[in-house]
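Quick notes on the structure that follows.
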Amino acid sequence: MQTALKKLANIGIDAICSTHGPVWTVPENITGVVALYDKLSRYDSDAGLVIAYGSMYGHTEELAEIIAGEAAGNGVKNIVMHNVSKSHKSDILRDVFKYKGLIIGSPTYNNKLYPAVDDLVSALQNRNLKNRFFGYFGSFTWADATARQLEAFAGAMEFELVAEPVIMKQAMLADVAEKALALGRIMAQKLTSGTEVVPNNTLTVNK
Ligand SMILES: Cc1cc2nc3c(=O)[nH]c(=O)nc-3n(C[C@H](O)[C@H](O)[C@H](O)COP(=O)(O)O)c2cc1C
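Per the working numbering, the sequence shown starts with residue 320, numbered consecutively.
Here it is as structure tokens:
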């Protein structure tokens, strides 16, 4: 897309006839649509945070709320929480494309991610999302799969893993709550400091 936009830079555009979607003919709309294509294809984003999580019994959701509360308390103005079983995937994708911070949470489900989280992760991979501050969290009972799968996801994407993952064995303990607070706080520092994403940074993860 960036190459196409460079080629079009000096050409007047009368209409945009996209393969999927509306035909744009009004000049002000054309300028706006080209600017949007440019922004989205650079994976540019605004300072804000999406926390997308799945939860069957509420443990993972409890972590999501601690992380969100700490991020808000440390100055992140725009925080969108998506319970993946309730939000439509297209709404989640819209917000993930809009904001620079992304935190994903999942319970372990049959030795995999929770299905709707798995689906979201695949959708983000298919769209080759880049340039995000990233964190993840989850809950399990006997053998965790969240850490393994979201660690692989983080490694495959051009993301900066900002803090240690928060993986909880079923119910809340003080050390887990502390890690969740740390994730929210560090994400807030990244989003409010104006620093750039360092893709595939080598954060030491102690699990
Ligand atoms: C259908 C189902 C499958 C599960 N599979 C696993 C599993 O493979 N490994 C594991 O450690 N826990 C498994 N669990 C337990 C949940 O991961 C655990 O209860 C977790 O805390 C649930 O998080 P939540 O309260 O956010 O739903 C499973 C639970 C359910 C209901």
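Ideal placement from N, C-alpha and C gives every residue a C-beta, glycine not left out.
As the structure is a prediction and not an experimental result, all values here were calculated from the model.
- Just measuring C-alpha positions, the residue of S360, V481, L327 and Y433 sitting nearest K417 is S360.
- Counting only runs that start and end inside the region 390-430, the alpha helix (DSSP H) elements of at least 4 residues fall at 408-417.
- With distances taken between CA atoms, N393 lies nearest to I505 out of V342, V485, I505 and T514.
- Residue pairing from DSSP places V342 in a beta bridge opposite C336.
- For I486, the uninterrupted beta strand (DSSP E) run begins and ends at V485 to K488, by DSSP.
- Boundaries of the beta strand (DSSP E) harbouring G454: K449 to F459, taken from the DSSP string.
- Counting the other CB atoms within 10 Å of its CB gives D463 a total of 16 or more, which places it among the buried residues.
- The criterion of a C-beta distance shorter than 8 Å is satisfied by V415 and V369.
- Looking only at K358, E347 and A354, the smallest Cα-Cα distance to L448 is reached by K358.
- For V516, no beta strand (DSSP E) run applies, since DSSP gives it neither H nor E.
- If you check the C-beta of H401 against ligand 1, you find no heavy atom less than 7 Å away.
- Y433 sits buried, since 16 or more C-beta atoms from the chains shown fall within 10 Å of its C-beta.
- Between H378 and P346, the CB-CB gap reaches or exceeds 8 Å.
- One Cα belongs to F456, the other to K509, and the distance between them is close to 18 Å.
- About 7 Å separates the beta carbon of K408 from that of D438, a gap short enough to meet the 8 Å contact definition.
- Taking a 10 Å sphere around the C-beta of R446, we find fewer than 16 other C-beta atoms and assign the residue as exposed.
- The C-alpha of F452 is placed about 6 Å away from the C-alpha of L480.
- With respect to the 8 Å criterion, A482 and A501 are classified as neighbours on the basis of their beta carbons.
- The three-state reading of DSSP puts D437 in helix, counting H, G and I together.
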